[in-house]
Amino acid sequence: MSQEHDEEQFDPASHVEIANIDMDELHGMSEAEMRAYFLKLARSAKPGQLSEFLYGLTGNGDETPEEMHVDYVERRMATIRGLNKVRVAFDDVLSRLEGETDGSR
Numbered sequence: 031m032s033q034e035h036d037e038e039q040f041d042p043a044s045h046v047e048i049a050n051i052d053m054d055e056l057h058g059m060s061e062a063e064m065r066a067y068f069l070k071l072a073r074s075a076k077p078g079q080l081s082e083f084l085y086g087l088t089g090n091g092d093e094t095p096e097e098m099h100v101d102y103v104e105r106r107m108a109t110i111r112g113l114n115k116v117r118v119a120f121d122d123v124l125s126r127l128e129g130e131t132d133g134s135r
């Protein structure tokens, strides 16, 4: 068999970036808009790619595409909530530090 048939050929045009979150793209979106955005990404990804991201393996066939789409959206939304908590805490610490450097304690 040729190498072409031994392994899946990587097609950059068919690869959907599902692991990284571009916060700039999400800026100003409501939660519903973010959910729709992540659902669109999940539906655009190949099932094997989505399963690998979600479960760390290619999949055992037990999960349906719909289940993986829901899992992906929920995981991304949990990440966004976590990032927002970190951002609020960071902003709070930064404002306190700025207050201390201004001489106003």
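Counting with the working numbering, you get residues 31 to 135 for the letters of the sequence shown.
Quick reminder that beta carbons are idealized off the backbone N, C-alpha and C, glycines included.
All of these numbers come straight from a predicted model, not from anything done at the bench.
When the Cα atoms are used, residue 110 and residue 54 turn out to be separated by approximately 12 Å. Note that the C-beta distance between residue 107 and residue 65 is below 8 Å. By the Cβ neighbour-count rule, residue 60 is exposed, with fewer than 16 other Cβ atoms within 10 Å of its own. For residue 75, no alpha helix (DSSP H) run applies, since DSSP gives it neither H nor E. Between residue 48 and residue 75, the C-beta gap is smaller than 8 Å, which places the two residues in contact. For residue 92, the three-state secondary structure derived from DSSP is coil. When secondary structure is reduced to three states using DSSP, residue 101 falls in the helix class. Under a 10 Å Cβ-count criterion, residue 103 is classified as buried, with 16 or more other Cβ atoms of the shown protein chains found around its own Cβ. For residue 60, the three-state secondary structure derived from DSSP is coil.
Ranked by Cα distance from residue 58, the first of 128, 114, 97, 93 is 114.
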